[in-house]
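K.L.:
Here it is, the structure, as structure tokens.
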Amino acid sequence: DTEVTQTPKHLVMGMTNKKSLKCEQHMGHRAMYWYKQKAKKPPELMFVYSYEKLSINESVPSRFSPECPNSSLLNLHLHALQPEDSALYLCASSRPGTANEKLFFGSGTQLSVL
Amino acid sequence: AQKITQTQPGMFVQEKEAVTLDCTYDTSDPSYGLFWYKQPSSGEMIFLIYQGSYDQQNATEGRYSLNFQKARKSANLVISASQLGDSAMYFCAMRGDNTNAGKSTFGDGTTLTVKP
Numbered sequence: 001d002t003e004v005t006q007t008p009k010h011l012v013m014g015m016t017n018k019k020s021l022k023c024e025q026h027m028g029h030r031a032m033y034w035y036k037q038k039a040k041k042p043p044e045l046m047f048v049y050s051y052e053k054l055s056i057n058e059s060v061p062s063r064f065s066p067e068c069p070n071s072s073l074l075n076l077h078l079h080a081l082q083p084e085d086s087a088l089y090l091c092a093s094s095r096p097g098t099a100n101e102k103l104f105f106g107s108g109t110q111l112s113v114l
Numbered sequence: 115a116q117k118i119t120q121t122q123p124g125m126f127v128q129e130k131e132a133v134t135l136d137c138t139y140d141t142s143d144p145s146y147g148l149f150w151y152k153q154p155s156s157g158e159m160i161f162l163i164y165q166g167s168y169d170q171q172n173a174t175e176g177r178y179s180l181n182f183q184k185a186r187k188s189a190n191l192v193i194s195a196s197q198l199g200d201s202a203m204y205f206c207a208m209r210g211d212n213t214n215a216g217k218s219t220f221g222d223g224t225t226l227t228v229k230p
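Chains A and B are the protein sequences, given in the same order.
The first sequence runs 1 to 114 under our numbering.
The second sequence runs 115 to 230 under our numbering.
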């Protein structure tokens, strides 16, 4: 099983809503990532979890709150988002650590903030 | 700091022909990995090929090969016998051993269109 599964695939939310994005992998990977991607742009790293602990936060606004409940699951909690937060949110996983570890990506959640 | 440069925003290729997508990089890490990912319009990023900085031979994966020239700091992707399904955005990326665990640097991408 080499899949990273993200739900939902599409999400529309108002600026006062609270929602969550979910990501799951069963490859035994101990590093999991959230990326934000605008159309025709490269993905931008938001958060990295290594062994279920937050290891990198790329100065992401607090309206985005990550959570890693166990080694297979990664959530991104959304609250009071702005229209400019509309983007494709990609989850990825890998074995942690060295330079030769490729990323396995999910198919993403397309988020629209109204 | 790491930097990836992809100078071709868009490329066109005729079906069944070969195409080269350019990638140059800069890093202070002595050990690093170079990756190519494909992103179709569906959105999922798909790993294509990897080259380690100490690998002596160029990497190959089926129709994909990586033309690695370390002295020139280039890692070009060659796709042979292009197919219509190769139409997608392609990202060059790198990871270094001395950077924070998990940081991959991506280039701006090249949109490849395969013509029938």
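Built from N, CA and C at the ideal position, the CB exists for glycine as well.
Between L90 (chain A) and the rest of its own chain, which residues show a CB-CB distance below 7 angstroms, the 5 nearest in sequence each way excluded?
P.N.:
So the qualifying residues of the chain are Y35, Q37, P43, F105, G106, G108.
K.L.:
Would T174 (chain B) be called buried (16 or more neighbouring beta carbons within 10 Å of its own) or exposed?
P.N.:
Flag for T174 (chain B) reads exposed.
K.L.:
What is the DSSP secondary structure of P66 (chain A), reduced to helix, strand or coil?
P.N.:
If DSSP states are grouped into helix, strand and coil, P66 (chain A) belongs with the strands.
K.L.:
Relative to the C-alpha of E58 (chain A), which candidate in B:S155, B:K217, B:F149 has its C-alpha closest?
P.N.:
Taking only the C-alpha atoms, the option nearest E58 (chain A) is B:K217.
K.L.:
Rounded C-beta distance between Q153 (chain B) and A202 (chain B)? I'm assuming under 8 angstroms.
P.N.:
So it is a contact: roughly 6 angstroms between Cβ atoms.
K.L.:
Could you name the residues that DSSP lists as bridge partners for S50 (chain A)?
P.N.:
Paired residues: A:A31, A:K53.
K.L.:
Among B:T134, B:Y146, B:Q128, which one has its Cα closest to the Cα of D169 (chain B)?
P.N.:
Answer by Cα proximity: B:Y146.
K.L.:
Would you tell me roughly how many angstroms separate the C-alpha atoms of E3 (chain A) and K102 (chain A), rounded to the nearest one?
P.N.:
Straight-line Cα distance between these residues: approximately 13 angstroms.
K.L.:
Please identify, using Cβ separations under 7 angstroms, the residues of the stretch 151-174 of chain B that lie next to chain A, in order along the chain.
P.N.:
So the close ones are S156, G157, E158, M159, F161, Y164, G166.
K.L.:
Of all the options B:T134, B:A185, B:F220, B:Q120, which has the alpha carbon lying nearest to the alpha carbon of M159 (chain B)?
P.N.:
Out of B:T134, B:A185, B:F220, B:Q120, B:F220 has the C-alpha closest to the C-alpha of M159 (chain B).
K.L.:
Which of the three DSSP states is assigned to D265 (chain B) in this structure?
P.N.:
With chain B represented from 115 up to 230, any question about residue 265 (chain B) goes unanswered, as that position is not in the structure.
K.L.:
So the beta strand (DSSP E) S59 (chain A) belongs to, where does it begin and stop?
P.N.:
That residue, S59 (chain A), is in no beta strand (DSSP E); it is neither H nor E in DSSP.
K.L.:
Among the candidates B:Q120, B:Q116, B:S194, B:L226, whose CA atom is the shortest distance from the CA of C137 (chain B)?
P.N.:
When only C-alpha atoms are compared, the closest one is B:Q120.
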